[in-house]
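Numbering (my numbering), first residue to last: 6 to 406.
For every residue, glycine included, the Cβ atom is placed at its ideal position computed from N, Cα and C.
Only a predicted model underlies this, so the values are computations on that prediction, with no experimental measurement involved.
The structure under discussion appears below in the form of structure tokens.
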Amino acid sequence: MAAPGGVVFGNGNVNTAMWATGIKDLNLGWESTSQYNFGVDLGLLNDRLSVMANYYISRSYNLLFNQPLSAISGSSTILTNLRNSKVQNKGIDLQVDARVISTRDFDLNVSGNISVNRNKVLDMGGASTIITNGAERSYLTHITQEGQPIGMFYGFKVKGMVRESDMENLAADNAVYNASTQSFPQGYSIKGPARSTASTNPLRPGDLYFEDTNGDGVVNDADKKVIGSPHAKFTYGFAVTASYKNFDFSSSFNGSYGNKVLDGQDYYLYNMEGSGNQYTKVLDRYRSESQPGNGKVYRASRGGTQSNSTRLSTFYLQNGSFLRCTNLTLGYTMPQIASLTNNAVTNLRLYVGVDNAFTLTKYLGYNPEVDYNNGANLTPGVDYGKYPLARAYNIGARITF
Ligand SMILES: [Ca+2]
Numbered sequence: 006m007a008a009p010g011g012v013v014f015g016n017g018n019v020n021t022a023m024w025a026t027g028i029k030d031l032n033l034g035w036e037s038t039s040q041y042n043f044g045v046d047l048g049l050l051n052d053r054l055s056v057m058a059n060y061y062i063s064r065s066y067n068l069l070f071n072q073p074l075s076a077i078s079g080s081s082t083i084l085t086n087l088r089n090s091k092v093q094n095k096g097i098d099l100q101v102d103a104r105v106i107s108t109r110d111f112d113l114n115v116s117g118n119i120s121v122n123r124n125k126v127l128d129m130g131g132a133s134t135i136i137t138n139g140a141e142r143s144y145l146t147h148i149t150q151e152g153q154p155i156g157m158f159y160g161f162k163v164k165g166m167v168r169e170s171d172m173e174n175l176a177a178d179n180a181v182y183n184a185s186t187q188s189f190p191q192g193y194s195i196k197g198p199a200r201s202t203a204s205t206n207p208l209r210p211g212d213l214y215f216e217d218t219n220g221d222g223v224v225n226d227a228d229k230k231v232i233g234s235p236h237a238k239f240t241y242g243f244a245v246t247a248s249y250k251n252f253d254f255s256s257s258f259n260g261s262y263g264n265k266v267l268d269g270q271d272y273y274l275y276n277m278e279g280s281g282n283q284y285t286k287v288l289d290r291y292r293s294e295s296q297p298g299n300g301k302v303y304r305a306s307r308g309g310t311q312s313n314s315t316r317l318s319t320f321y322l323q324n325g326s327f328l329r330c331t332n333l334t335l336g337y338t339m340p341q342i343a344s345l346t347n348n349a350v351t352n353l354r355l356y357v358g359v360d361n362a363f364t365l366t367k368y369l370g371y372n373p374e375v376d377y378n379n380g381a382n383l384t385p386g387v388d389y390g391k392y393p394l395a396r397a398y399n400i401g402a403r404i405t406f
């Protein structure tokens, strides 16, 4: 609660002092949860097929929340409860196991599971929307509001890229734009792409421009909206095991489908400010009308003159779906080992395997299974340098004496 530090009084000497490291909410309490489950467990076809299904609905109350505070208090947040807040999770878990083939020489088993969860804020406990920063440069990235899942991505929708042919219209708009009120005259309808108050310079060819959702010709905070969900439509896993005579094989997979990921590293690896390494994707950037790139990657600039590129927009949201093979193993059991060793060794199995064999994904970062701000559940789906999973090769022998 208090930490030693130093404080300078009039004579310039540093005196020993203590400072508060955190401010406590004396009424802080537990979150509470109520949950209902409905499950079925079926064995079919002489138990060669088994199905387990579970439907649940859970509600959590008085959620813990790091309320932002003025830093003058000595702390930037205070952990508190959102009184009377209510969040609902409902979903289905389904598990299927099948003995597909079962003969003297050959066995084949397949199992799979799928989980579908839907999260929804039912009551904010009197708070209005909570807009949070989950990434670099303090830009706001997530919104939590009633009727929606927790921590949806919040920002601008990219509408297009400014080209040379837009400049005449932009100049006409610029001529009537009132910079001090950041607005256009009443009744004026803009000719070119909407101008952004976040951009320090007028738009230039190669800049991204955002959707003006309320149609006033200017892009500002009022035009931000939910631009994607960090929550998967479903997650899943499956495994296949087989044996043929003395060989055995096993494999396991898992994955996620339908979630978006914000790669926080993009602010550096895509910024084209000449200050660090970049993705090779920047080679697709706009350079000129004769070298427009792929039409999606904005021009290079230095010092944030093209600030549209650094605001959270759909440009930075990536498809986070993946399928990962977590393990492949092939084994061989030596049948004659007992007689060869005069029963000194009763069983010998040799095996080779690989963990994290491969991942199928469109995600550009190291690992689409991201969870930045451990436990900060208002900012899910942010990758801030998630460490890649190592691929490990195993080779071994299991000896039974
Ligand atoms: Ca607007």
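Query	Result
For the beta strand (DSSP E) containing I106, list its first residue and its last residue.	S90 to S107
Can you find at least 3 beta carbon pairs, one from the stretch 96-110 and one from the stretch 47-65, that sit closer than 8 angstroms?	yes
Tell me whether D46, by its Cβ, gets closer than 7 angstroms to a heavy atom of ligand 1.	no
Three or more beta-carbon pairs under 8 angstroms between the stretch 276-287 and the stretch 252-262, yes or no?	no
Is it buried or exposed, Y368, if we count other Cβ atoms within 10 angstroms and call 16 or more buried?	buried
Over what stretch of residues does the beta strand (DSSP E) that includes N352 continue unbroken?	N352 to T366
Quick one: what's got a C-beta closer than 6 angstroms to N379's C-beta in the same chain, skipping five residues either side?	A caution first: N379 carries a pLDDT of 46, below 50, which makes its placement in the model unreliable, though a value can still be read off. Hits under 6 angstroms: none found.
Could you check if N183 is buried or exposed, using at least 16 other CB atoms within 10 Å of its CB as the buried criterion?	exposed
Smallest Cα separation from G233: which of L333, V302 and K162?	K162
Could you work out which residue in F327, D268, N382 and D388 is closest to N361 when comparing CA atoms only?	F327
Are N408 and T202 touching if we call contact CB-CB under 8 angstroms?	Given that the chain is displayed from residue 6 to residue 406, the structure contains no residue 408 and the question cannot be resolved.
Buried or exposed: where does V181 fall if 16 or more other Cβ atoms within 10 Å of its Cβ makes it buried?	exposed
For T285, which three-state DSSP category applies?	helix
Does DSSP put I342 in a helix, in a strand, or in coil?	helix
For N114 versus T246, is the C-beta spacing smaller than 8 angstroms?	yes
Leaving out five residues before and five after N42 in sequence, what residues of the same chain have Cβ atoms less than 8 angstroms from its Cβ?	N59, Y60 and Y61
Only counting the same chain, and skipping five residues up and downstream in sequence, which positions put a Cβ closer than 7 angstroms to that of D271?	Y321
Taking 8 angstroms as the cut-off, does the stretch 237-253 touch the stretch 149-169 (at least 3 CB pairs, one atom from each stretch)?	no
If I'm right that A343 touches F406 with Cβ under 8 angstroms, what's the distance once you round it to whole angstroms?	Rounded, the Cβ-Cβ distance is 11 angstroms, inconsistent with contact.
Restricting to Cα atoms, I'd like to know which of R168, N251, I135 and R307 is closest to L87.	I135
Just to confirm my understanding: we take L145, look at its own chain, exclude 5 residues before and 5 after, and list those with CB closer than 6 angstroms. What are they?	I136 and N138
From T149 to W35, what does the alpha carbon distance come to, in whole angstroms?	20 angstroms
So the alpha helix (DSSP H) D178 belongs to, where does it begin and stop?	M172 to V181
Here's a check: name, in chain order, each residue in its chain whose Cβ is nearer than 6 angstroms to the Cβ of V45, leaving out the five neighbours to either side.	A58
Taking R200 as the reference, give the member of A397, D178, T338 and P385 with the closest Cα.	D178
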